[in-house]
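**Student:** The sequence shown begins at 1 in UniProt numbering and counts up by one.
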Amino acid sequence: MLVRRMGYFSPSLSIKTSPFFSLLTKTPFPFHHLRPIHFFKPIHTKSPQTHLFSMNRKTHFTTSAAFLQESTNTKTLSSRSAKKARRDAPESVLRHQLDQCSKRGDLQEAIRLYEEAKLNNITLNVHHYNVLLYLCSSGSGTEGFGIEKGFQIFKQMGVNGVAPNEATFTSAARLAVAKQDPEMAFDLVKKMKSFGVPPKLRSYGPALFGFCEKGMADKAYEVDVHMGESGVAAEEAELSALLKVSSFSKKADKVYEMMHRLRASVRQVCEETAGVVEDWFNSEFAAEVGLQDWDVRKVKEGVVKGGGGWHGQGWLGKGNWTVVRAEMDSSGACRSCGEKLVCIDIDPKETENFANSLVKLACEREVKANFVQFQDWLQKHGPFDAVVDGANVGLITQRNFNFSQLRSVVNKLRQMSESKKLPLVILHKSRTTGGPAQHPNNKKLLESWKKAGALYATPHGSNDDWYWLYAAVSSKGLLLTNDEMRDHLFQLLGTSFFPRWKEKHQIRMTASRDDGLKLHMPPPYSIVIQESEQGCWHVPTLTGDDLEIPRQWLCATRKKALHSLFRRNGESNH
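1) Answer with buried or exposed for R104, where buried requires no fewer than 16 other C-beta atoms within 10 angstroms of its C-beta.
2) What do you reckon, are the CB atoms on F285 and V323 nearer than 8 angstroms?
3) CB-CB under 8 angstroms to A287, same chain, minus the five flanking residues each way: which ones, in chain order?
4) Please state whether DSSP places D295 in a helix, a strand or coil.
5) Pick helix, strand or coil for W537, following the three-state DSSP scheme.
6) Which of helix, strand or coil does DSSP assign to S417?
7) Of all the alpha helix (DSSP H) runs that stay within the bounds of the segment 234-311, which reach a length of 4 or more residues?
8) Under the DSSP definition of a beta bridge, which residues are partnered with T557?
9) Report the three-state DSSP secondary structure of M184 (helix, strand or coil).
10) Under three-state DSSP, which class holds E531?
11) In the DSSP assignment, the beta strand (DSSP E) including L511 goes from what residue to what residue?
12) Going by DSSP, what residue range makes up the alpha helix (DSSP H) through Y525?
13) Would you list the one or two residues that DSSP bridges to C334?
14) My output table needs one value for L445: the three-state DSSP class, helix, strand or coil.
15) What is the C-beta distance between R86 and S92, in whole angstroms, given that I count them as a contact (C-beta under 8 angstroms)?
16) Within the chosen definition, does the segment 253-272 reach the segment 514-522 through at least 3 CB pairs nearer than 8 angstroms?
17) By Cβ distance below 7 angstroms, which residues in the same chain neighbour K559 in space, the five residues on each side in sequence not counted?
18) Give me the residue from K380, G461, A173 with the minimum Cα distance to A452.
19) Following the continuous beta strand (DSSP E) through L424, name the residue where it begins and the one where it ends.
20) If you compare alpha carbons, which of V539, S462, H96 is closest to R325?
21) Does the Cβ-Cβ distance between F211 and K219 come in under 8 angstroms?
22) Rounded to a whole number of angstroms, what is the C-alpha to C-alpha distance between K412 and S330?
23) Within the continuous beta strand (DSSP E) that includes A386, where are the two ends?
24) Measure the CB-CB distance between S230 and A178 and report whether it falls below 8 angstroms.
25) Rounded to whole angstroms, what is the Cα-Cα separation between K191 and D347?
26) Would you list the one or two residues that DSSP bridges to L316?
27) Take the Cβ of K83 as the centre, count every other Cβ of all protein chains shown within 10 Å, and call the residue buried at 16 or more, exposed below.
28) If we call anything under 8 angstroms between Cβ atoms a contact, is L175 one with H128?
29) If you count every other CB in all the chains shown that lies within 10 Å of the CB of A89, and 16 or more means buried, which is it?
30) Report, in whole angstroms, the separation of the C-beta atoms of T273 and E236, which I expect to be a contact under 8 angstroms.
31) Quick check on the burial criterion: 16 or more other C-beta atoms within 10 angstroms. Buried or exposed for R57?
32) Counting only the same chain and skipping the five closest in sequence on each side, list residues whose C-beta sits under 6 angstroms from that of T17.
33) First and last residue of the beta strand (DSSP E) that includes G516?
34) Compute the distance between the beta-carbons of V276 and S240, then report whether it is under 8 angstroms.
35) What's the call for R508, buried or exposed, on a 16-neighbour Cβ count within 10 Å?
36) I need the boundaries of the beta strand (DSSP E) containing T351, first residue and last residue.
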């Protein structure tokens, strides 16, 4: 018997043949029994044609106009009626009610609505089921009742032939972990591909964190490998959990691997991760791990090959670690151990590729002709030693735009420049023609910058962020802005290069009555996890911003490394 359920024909309603039942009982299953319905077009009878040319012109146009007006009115009424019918349909009403339950975290009411819908033979779609599963798997639902009900709903979804999506699998995986079964959660993720559903980072979370919490390091590594094969990159929370379970399981090589993965992808760590790193260095096992005598030449080669700041040759030295919170001085020397941090170079090819990606994105989101015109202008007048986000500087401490503040900053940057060339000021066109720009002194200032080829006014409707960022990157110059560049526009760049570029090129500014304008140049060292040639480690945290509050670093050293370091510093002083 063929039964139609939600756009799929299911040869059987037996739970035993449901793919979801197979998922929950960990048995293999085929998915070929779900196949799309082919809906047939209704057959319309052909209406007789009206011979318009047989009518006189007046009758023809009058009739046609009346017909068109009536047709338009009918269509409008039909459209409104259709919308109302869709809105008032039981499925739509149920969807709205379940969404409200989700907002309130009201599992009990959601289950009541679900049972009522079953009694009334209301057909549920994937959204209905996902809301129910989400509530069952969330904090309020993971008591015994929520878990049990969640699995019942999940099975029923399979019985009814409703195809799952990523949200379905993720909620089911959370249910499995709430049941203390990360193995089932991992099985669910592995089955996603057979459904044509690509897993996301959150899909892996229940299994990965579940194994880590149980201390099952090898299973956690298995999930990590599967993530890599699926093109899903671990972020700080996942790497921190893997580091913690590796430390707990006394797998020193894996701890070392996770430290370097944090260095490469996270750079600065949150307090929770800093605590995990601190616990590792303070452990008795960490004191026993490391090379007593290492190949200095290989370590130096590793530093050069890696671009500086790390060597990748494993733990160096033995003995207890000294772990403290420290700050860096203005030159990048640790105030605790004296180790001087390095500035890690950026490959020029990476900068070029980044500039090209900026052009591509800007042309997709701006009027292409406008941005191409700017590129041509920049080719003629650039490159510049520095670029100024004019709007950000002019408004940094003012309600109204302050040209005097902007002029002061421009002059400071010119004095600092070796070429003594004016920096490029990017302003929106409206800033250069209206408001304070009409003042005679400001008009004169803008005209002088324009004649010097140091002012570019972005056209109406454009986003000037694209312009000042591209100008700075393509000129390989500095960028003055207090914009943290964290909004959606900069997230589009989606690259590990951008944070590194910002760190080396962004100038920030503070203004106070006592000190006036103060420019904060990029640090002479890289704010990233660093591993020295002597085996010392320095881990930057998110505590502090290097402007008002000094950044806190985790400094981990051993006695032998410290003796070597002090001896080296003494020789360099002589």
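The beta-carbon is built from N, C-alpha and C at its ideal position, and this holds for glycine as well.
**Tutor:** Judging by the given coordinates:
1) exposed
2) no
3) K318, G319, N320, W321
4) coil
5) strand
6) coil
7) 236-248, 252-265, 271-282, 284-288, 296-306
8) T322
9) helix
10) strand
11) Here the sequence assigns Ala to residue 511, which means Leu is not the residue at that position. Counting along the chain, the beta strand (DSSP E) containing A511 begins and ends at 506-512.
12) Run containing Y525: none; DSSP gives neither H nor E here.
13) M328
14) helix
15) 6 angstroms
16) no
17) G319
18) K380
19) 424-428
20) V539
21) yes
22) 20 angstroms
23) 386-389
24) no
25) 41 angstroms
26) L291
27) exposed
28) no
29) exposed
30) 6 angstroms
31) In this predicted model, R57 has a pLDDT of only 43, less than 50, meaning its place in the structure is not dependable; the value taken from the coordinates is given anyway. Result: exposed.
32) Note that T17 scores 41 on pLDDT, short of 50, meaning its location in the model is unreliable and no value can be drawn from it.
33) 516-520
34) yes
35) buried
36) Here T351 belongs to no beta strand (DSSP E); instead the alpha helix (DSSP H) covers 348-365.
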